[in-house]
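Scroll down for the structure; my scribbles are underneath it.
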Amino acid sequence: MTHPPRITDESVLTRWMGIEVAKMNEGLVTQRKALSNLLAEKEPVSVTKKGDTYHFDPAVIQALGSALPEDLQRKIRLPVLFYMSPDTPGSCSCPDEAALAALQALGEVSTLRTFTGDRFWVSRPIVYAILKKYPTAFQVVMGA
Numbered sequence: 006m007t008h009p010p011r012i013t014d015e016s017v018l019t020r021w022m023g024i025e026v027a028k029m030n031e032g033l034v035t036q037r038k039a040l041s042n043l044l045a046e047k048e049p050v051s052v053t054k055k056g057d058t059y060h061f062d063p064a065v066i067q068a069l070g071s072a073l074p075e076d077l078q079r080k081i082r083l084p085v086l087f088y089m090s091p092d093t094p095g096s097c098s099c100p101d102e103a104a105l106a107a108l109q110a111l112g113e114v115s116t117l118r119t120f121t122g123d124r125f126w127v128s129r130p131i132v133y134a135i136l137k138k139y140p141t142a143f144q145v146v147m148g149a
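In case it helps, our numbering puts the sequence shown at residues 6 to 149.
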């Protein structure tokens, strides 16, 4: 007679955590848009993985439009995605060169920060501060 795995077994916990992370990621935007396009929309919106409408904060979009040069407005796609992984508990990564340039132009990260491989890295406290300052313009992908 075989017994089902115990709730404390690592395989059960890993599977459960994967299900929960997938639920958290359902709110991620699948159709990222250029800031220049969002500025032209009366109500800036996109679509999430779950199929829901994602509403950008118009004040944040306008503030970014005022602060960033036109070339970056065309290049940067919003929301910018930061990737959070248990392998790097103190940092998040972002594979978006336009996002790095925009964050440097906004003074949120140092101009000394560079791409390492195919991404740049930012400490989680800085990412949290960016999320708080620019709600809806940045998102975190969990478990990546």
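Built from N, CA and C at the ideal position, the CB exists for glycine as well.
With which residues is valine 114 paired in a DSSP beta bridge?
DSSP output for valine 114 lists no bridge partner at all.
Using the Cβ count rule (16 or more neighbours within 10 Å means buried), how would you classify tyrosine 1?
Beyond the ends of the chain as shown, which are 6 and 149, falls residue 1; an answer cannot be given.
Can you check which of these residues, Lys54, Pro63, Lys28, is closest to lysine 47 by C-alpha distance?
Lysine 47 has its Cα closest to that of Pro63, out of Lys54, Pro63, Lys28.
Which residue's Cα is closest to the Cα of proline 49: Thr93, Ser96, Val146, Gln67?
Closest by alpha carbon: Gln67.
Could you check how far apart the C-beta atoms of phenylalanine 120 and leucine 105 are, in whole angstroms? I think they sit under 8 Å.
Sure, about 7 Å apart at Cβ, within 8 Å.
Of the residues Leu33, Asp76, Ser41, which one's Cα is nearest the Cα of lysine 55?
Among Leu33, Asp76, Ser41, the Cα nearest to that of lysine 55 is on Leu33.
With which residues is methionine 147 paired in a DSSP beta bridge?
Looking at the DSSP assignment, methionine 147 forms a beta bridge with Met89.
When the cut-off is 8 Å and only beta carbons count, does arginine 37 lie next to chain B?
The structure shown contains no chain B, having only a single protein chain.
Enumerate in chain order the residues of its own chain whose CB-to-CB distance from serine 41 is below 7 Å, with the five nearest sequence positions on each side excluded.
Counting only Cβ-Cβ distances below 7 Å, and skipping sequence neighbours, we find Gln78, Arg79.
Helix, strand or coil, according to DSSP, for lysine 55 in the structure here?
The answer is coil: DSSP assigns lysine 55 none of H, G, I, E or B.
Does DSSP classify leucine 40 as helix, strand or coil?
Three-state DSSP puts leucine 40 in a helix.
Within 10 angstroms of the Cβ of aspartate 14, are there 16 or more other Cβ atoms? Answer buried if so, exposed if not.
With fewer than 16 other Cβ atoms within 10 Å, it is exposed.
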